[in-house]
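The sequence shown: position 20 = 20 (UniProt numbering), numbered continuously.
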Amino acid sequence: MNFIKNSLIVAGMLSLAACAEKGPQEIAFGKDQCDNCKMTIAEPKYATQLLTEKGRVYKFDDIACLRDYEATYPENTGNATVYVADFPSGKFVESSTATFIKGGQIISPMGGNTQAYSDKAAAEKAASELGATLTNP
């Protein structure tokens with residue numbers, strides 16, 4: 001009887017795991033720590049996330065911390081999906097679909113000085129206004 005009960009529990013847990021949402025997690029700004037520098041993630045519009053194939057999410061306060069983490073821990077980041085905050089809305093988008101601007105008057109938490117935009121025209125306008133350049137981080 002215990003075998004059947006345990007089997008049902010395991011099957012239920014596997015079903016729940018299979019239904020788990022794939023994508024960026026919500027960040028508790030002012031509470032969650034950057035997985036690279038360990039500082040508190042405070043600025044929503046610069047936050048980034050890395051989702052591994054196994055479903056592990058790493059959170060970062062700036063794209064510079066994400067890139068540093070990728071270089072330091074390539075075994076954790078291969079084939080991972082990167083999400084960046086769309087600067088105007090703060091919502092996470094896949095980095096592969098975003099347009100990035102860097103430099104000029106942009107000052108981000110860890111010196112990456114990069115903003116992500118889900119809309120290329122908005123990125124071009126912001127780059128012009130901020131003296132930044134379009135880039136691929």
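Even glycine gets a Cβ: it sits at the ideal position worked out from N, Cα and C.
Per DSSP, residue i is paired with what?
i	result
Ile101	Gln115 and Leu134
Glu94	Tyr83
Could you give the DSSP three-state label for residue i: helix, strand or coil?
i	result
Thr40	strand
Lys22	coil
Ala85	strand
Lys59	strand
Thr48	strand
Met13	Summary for Met13: the model assigns pLDDT 49, below 50, so the residue's position carries little reliability; its value from the coordinates is reported in the next sentence. Reduced to three states, the DSSP call for Met13 is helix.
Leu8	Note that Leu8 scores 48 on pLDDT, short of 50, meaning its location in the model is unreliable; the coordinates nonetheless yield the value given after this. Reduced to three states, the DSSP call for Leu8 is helix.
Using a threshold of 8 angstroms, state whether the C-beta atoms of residue i and residue j are closer than that.
i	j	result
Thr114	Thr97	no
Ala130	Gln105	Strictly speaking, residue 130 in this sequence is Leu, with Ala absent from that position. Their beta carbons are under 8 angstroms apart, which means Leu130 touches Gln105 by this criterion.
Ser108	Asp62	yes
Gly30	Ala42	yes
Ile101	Ala121	no
Phe92	Gln33	no
Gly112	Ala80	no
Ser52	Asn76	Correcting the residue type first, residue 52 is Thr in the shown sequence and not Ser. Against a cut-off of 8 angstroms, the Cβ pair of Asn76 and Thr52 comes out as a contact.
residue 142	Asp86	For residue 142 there is no data in the structure shown, the boundaries of the chain being 1 and 137.
Lys45	Gly90	yes
State yes or no: is the beta carbon of residue i nearer than 8 angstroms to at least one beta carbon in chain C?
i	result
Arg67	The structure shown contains no chain C; it is built from a single protein chain.
(request) Say whether the stretch 68–75 touches the stretch 26–33, bearing in mind that this needs 3 or more beta-carbon pairs closer than 8 angstroms, one atom from each stretch. (result) no
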